[in-house]
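Heads up, the thing below is written out as structure tokens.
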Amino acid sequence: MMALPYPETERCFTVRLPESDDFDGWREAARALVQSDVPPERVVWVEPGGSGDLFGQDGGDLPSPPSDARPVRANRRFLSLASDAALHSDIQRFALLYRLLWRLQERPRLMEDKTDPDVRRAEELAKNVRRDSHKMHAFVRFRLVESDEDEAGEHYIAWFEPEHHIVRANAGFFMRRFANMKWSILTPRGCLHWDGETMSEGPPAQRFDAPSGDPTEDLWRKYYASIFNPARLKVGAMLREMPRKYWKNMPETALIPELVAGAQKRESQMVAAGALEFDERPETLPAIEEAIRRCRQCPIGKLDNRAVMGEGPRDAALMIVGEQPGDQEDQSGRPFIGPAGQLLDRHLERAGIVRETSYLTNAVKHFKFEPRGKRRLHRSPTAKEIDTCRWWLESERALVQPQLVLALGASAARGMLGRTVSISKVRGEPIALEDGSELWITAHPSYLLRLDGEAREKQAALFDADLAAVRERLDELAGA
Ligand code: URA
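Take any residue in the sequence shown, count from 1 to its spot, add 177: that is its number in our numbering.
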């Protein structure tokens, strides 16, 4: 028998990932390593362009776990965080994630420990990655490069410089958003090409590979000038959101000095005309709660009621959106605890969706009612009232970042989309949202409460089917 160069219990493994954003590859290797009982200090993770095996002991192949190895413990919270953090440009990220996975086997609730340095670092990495994706969504600007009516047609090219390995992960977003255009996004971390039907990838590009300046830039400038809201102008916040390094790729930024100069004047005109004025987005859920308590942007906020904030985990994978608090919700200050909420609970349970791990909120944060003697009769919010309150719903969504949003009824759907849709036409199918999450729309449980007999049964079955589809999708997203 040939002697092994190192005893099996001391052997080091080098995992070479073929791509810097290869989360699935990391996951597969990590599973085999955990099941083979290989501690983090004996694993070296190498990505393309990495420096190789620091210990000079190239372990080569991955270990083969014993056939009776225990399944690896990795909850949804960890997987969701890890899939984002894995795209960070920090070379230590894969080792950090493996250390967390290893520790999770003994401490299943580790991810809840916000003081743990590994958990905190992983959260920080994931947050940076999400921020980079958000910037890519917001700041990619296409320029027209070729117009050949008969042959290739118009082709648009954009240049973007991501800080992390986010290009491939965002391909779906741009494909859905610009499905009918032919475009390329060039970046120093690789390129995406969409020909209207298929997506392909290319090697890293350089700044001069992309054109600069074309007639469509005037359109961007006009668009930007028209959406520019002087009442929201905060130069510090603007620079934080749109750092100067992105300016050179964005035609509309040429307008900024001019717009800033005119902002004060336009702001006083808007205030005089009674137009809306919201501040910067709150950065925490308690800050939103405090702000909605003071919100008087529409007539509902001026009634004798209280603001009802959403409730649920800050990192819930599922956000459920209702219309507005009802009488009981208004009295208790909690969403979905009255009759509609109780019916919702029963259907959620039937579908296997756990209310406590979901974030429940409403499109409108105050109860709209009409006093009738001692009673307060529910009144539906108008489209304008829902649209006004979208600011808060979007603020909650930006913080919770659910993978999936379930809108209950037409008001909730409008709160999410900013337009009115017909429930029967859109239910049961996901709608892609700009941040890469999905919106599913179904009926509101109070609609079921208003029905009897066969009609109720029929609608209840449709409701159950929608919830079952949501549950299935959540499982898929969690990689279960
Ligand atoms: N109906 C809703 O839409 N939301 C609630 O919170 C309660 C009832």
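Think of the CB as a built atom: it goes at the ideal place given N, C-alpha and C, for glycine as much as any other residue.
| Item | Value |
| --- | --- |
| LEU644 - DSSP class collapsed to helix/strand/coil | helix |
| Touch test, the segment 262-282 against the segment 297-313, Cβ-Cβ under 8 Å, three pairs minimum | yes |
| Three-state secondary structure assigned by DSSP to GLY550 | coil |
| Three-state class that DSSP yields for ARG193 in the structure shown | strand |
| Beta-carbon proximity list for VAL647, same chain, < 6 Å, skipping 5 on both sides | LEU583 and TRP617 |
| Pair within 7 Å by beta-carbon distance, ALA348 and LEU363 | no |
| Around the ligand URA, Cβ to any heavy atom closer than 5 Å, ordered along the chain | GLY499, GLU500, PRO502, GLY503, GLU506, PRO512, PHE513, ALA517 and ASN539 |
| CB contact flag (ILE465, ALA484, <7 Å) | no |
| Where the beta strand (DSSP E) containing LYS542 begins and where it ends | Unbroken run through LYS542: none, as it is neither H nor E. |
| Straight-line Cα distance separating HIS341 from LYS312 | 11 Å |
| Residues near PRO242 in its chain [Cβ-Cβ closer than 6 Å; skip 5 each side] | ALA209, GLN212 and SER213 |
| Option in PRO516, ALA251 and ARG320 with minimal Cα separation from LEU287 | ALA251 |
| Where LEU626 falls, given that 16 or more other Cβ within 10 Å makes a residue buried | exposed |
| Three-state secondary structure assigned by DSSP to HIS524 | helix |
| Proximity below 7 Å, CB of ALA517 to CB of SER601 | no |
| Assigned secondary structure, ARG298 (DSSP; H/G/I helix, E/B strand, else coil) | helix |
| Buried/exposed call for LYS479, threshold 16 Cβ in 10 Å | exposed |
| Close-in-space but distant-in-sequence residues of the same chain around ALA589 (CB under 8 Å, 5 per side omitted) | VAL498, GLY499, GLU500, ASN539, ALA540, ILE618 and HIS621 |
| Cα-Cα separation between LEU256 and ARG308, rounded to whole angstroms | 18 Å |
| Pair within 7 Å by beta-carbon distance, LEU581 and LEU651 | yes |
| Contact set for ASP643: own chain, Cβ-Cβ below 6 Å, skip 5 residues either direction | ARG604, GLY605 and THR619 |
| C-beta contact flag for ARG353 and ASP198 at 7 Å | no |
| Distance between THR534 and LEU570 (C-alpha atoms, nearest Å) | 18 Å |
| As assigned by DSSP and simplified to three states, the class of MET358 | coil |
| Helix, strand or coil at CYS566 [DSSP, three-state] | helix |
| Alpha-carbon to alpha-carbon, GLU205 and PRO195 | 13 Å |
| Complete alpha helix (DSSP H) runs within the segment 239-312 (minimum length 4 residues, chain order) | 253-262 and 270-283 |
| Buried or exposed by the 16-neighbour rule on C-beta atoms within 10 Å, applied to PHE385 | exposed |
| Nearest candidate by alpha-carbon position, reference CYS566, set LYS545, PRO579 and ALA528 | LYS545 |
| Below-7 Å beta-carbon distance, GLY592 vs any chain C residue | Among the chains of the structure shown, chain C does not appear; only one protein chain is present. |
| Contact check, PRO166 vs ALA655, beta carbons under 7 Å | A question about residue 166 goes unanswered here, because the residues of the chain that appear run from 178 up to 657. |
| PHE200 versus VAL192: straight-line alpha-carbon distance, rounded | 13 Å |
| Residue closest to PRO388, alpha-carbon to alpha-carbon, out of ILE334, PHE351 and SER377 | ILE334 |
| DSSP state of GLU649 mapped onto helix, strand, coil | helix |
| Cβ-based burial, LYS551 [other Cβ within 10 Å; buried from 16] | exposed |
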